[in-house]
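Residue numbers (the working numbering): 22 to 314.
Virtual Cβ for every residue (Gly too), placed ideally from N, Cα, C.
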């Protein structure tokens with residue numbers, strides 16, 4: 022039986038989280054909260070680059086280099102939470118969505134974990150997070166369209182729920198429309214999600230592409246957290262977009278550092294992630310900053 026989560030939880034997103042790190046790892050035993058950065062590295066052709074080493078990365082906080090305390094390579098397993106928009110407007114594309122999501126789950130690696138969720142004006146957990154891909158695919162049969170869209174509340178609550186989990190974690194959001202049922206406004210939701218730093222991969226489909234406010238929020242949220250926004254102009258495009266996301270997620274790196282104590286009062290810290298000692302220049306996609314407040 023599916024469990025109904027908080028009304029102000031998740032949204033049509035897919036989340037990918039990594040399994041807990043070993044207890045002896047200093048990052049999670051520290052009394053000082055680390056700043057986590059999920060980064061994807063691309064070559065000049067836009068292809069993700071795997072196999073980079075910790076010493077090739079540099080983190081700058083407000084321009085100052087910071088020692089990297091935690092590093093997880095692109096080979097580290099993920100945990101994936103797949104959160105799908107099941108509002109009434111999704112009825113016509115539901116069969117296509119089920120098939121695309123099924124293929125997406127099938128592309129995850131053996132040790133990757135996934136949970137499946139549906140959202141409208143509330144959240145339903147269809148399959149709890151585990152490495153059981155068969156159960157996750159079966160859960161997709163329980164997707165049914167209906168209800169309004171609490172997009173902003175879902176983004177905010179999901180990001181807060183995921184923030185406390187260790188390892189690589191990702192939210193992928195699929196929605197076909199703007200918000201019409203949230204308590205939070207778009208800016209509040211975006212600020213909360215950006216503060217947590219959980220990467221958001223957003224898929225805008227249907228009316229979400231013509232709603233400039235919704236599209237802008239999804240783009241800004243994805244960019245700020247180190248994710249990416251994809252456009253599915255037609256239902257048939259969802260499958261290709263999910264293929265692209267699956268490849269993107271498996272090429273991510275996790276870096277973490279202790280925030281500089283002398284700058285704790287700074288409301289917003291600008292972040293840069295650089296890669297060096299490579300044959301050709303590379304581009305890094307990562308969160309753009311964090312807040313201590």
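Taken in chain order, the unbroken stretches of beta strand (DSSP E) that lie wholly in the region 53-127 and span 3 residues or more are 56-63, 78-82, 85-87, 91-93, 100-106.
If you draw a 10 Å sphere on the C-beta of residue 139, you find 16 or more other C-beta atoms in it, and that means buried. Contact check for residue 190 and residue 219: beta-carbon distance about 6 angstroms, within the 8 angstroms limit, so the pair qualifies. Judged by pairs of C-beta atoms under 8 angstroms, the region 139-155 touches the region 104-112, as three or more such pairs exist. Within the DSSP secondary-structure output, residue 226 pairs in a beta bridge with 253. Taking one beta carbon from each stretch, the region 70-83 and the region 292-308 have 3 or more pairs nearer than 8 angstroms; the two touch. Distance from residue 126 to residue 158 at the Cβ level is roughly 5 angstroms; contact confirmed, criterion being Cβ atoms closer than 8 angstroms. At a Cβ-Cβ threshold of 7 angstroms, residue 312 and residue 216 count as neighbours. Restricted to the region 140-189, the beta strand (DSSP E) segments that are unbroken, complete and at least 3 residues in length are 144-151, listed in chain order. The region 111-123 and the region 302-311 do not touch, with fewer than 3 CB-CB distances between them shorter than 8 angstroms. When the Cα atoms are used, residue 262 and residue 55 turn out to be separated by approximately 32 angstroms. For residue 256, the closest C-alpha among the options 135, 195, 236, 244 is that of 195. Taking the CA atoms as reference points, residue 92 sits about 26 angstroms from residue 153. Note on geometry: alpha-carbon atoms of residue 69 and residue 63 lie some 4 angstroms from one another. By the neighbour-count criterion, in which 16 or more other beta carbons inside 10 Å mark a residue as buried, residue 290 falls on the buried side. Boundaries around residue 262 are those of the alpha helix (DSSP H), 258-270, since no beta strand (DSSP E) includes it.
For residue 241, the uninterrupted alpha helix (DSSP H) segment begins and ends at 233-246. Put simply, the backbone Cα of residue 237 is about 31 angstroms away from that of residue 133. Counting the other Cβ atoms within 10 Å of the Cβ of residue 254 gives fewer than 16, which makes it exposed. Shown here for residue 168: same chain residues with a beta carbon closer than 6 angstroms to its own, the five before and five after excluded, namely 108, 141, 142 in chain order.
Per DSSP, the unbroken beta strand (DSSP E) holding residue 290 starts and ends at 289-296. In this structure, residue 101 keeps its C-beta atom at 7 angstroms or more from the C-beta atom of residue 58. Looking at the DSSP output, residue 310 shares a beta bridge with 291. In terms of Cβ geometry, residue 308 and residue 246 form a close pair [threshold 7 angstroms]. As far as DSSP is concerned, residue 282 takes part in no beta bridge.
Residue burial annotation: residue 60 is buried, with at least 16 other C-beta atoms found within 10 angstroms of its C-beta. Less than 7 angstroms separates the beta-carbon of residue 292 from that of residue 310. In the structure shown, residue 215 falls within a helical segment according to DSSP collapsed to helix, strand and coil. Take the alpha-carbon of residue 244 and the one of residue 275: they are about 16 angstroms apart.
Rounded to the nearest whole angstrom, the C-alpha separation of residue 192 and residue 270 is 10 angstroms.
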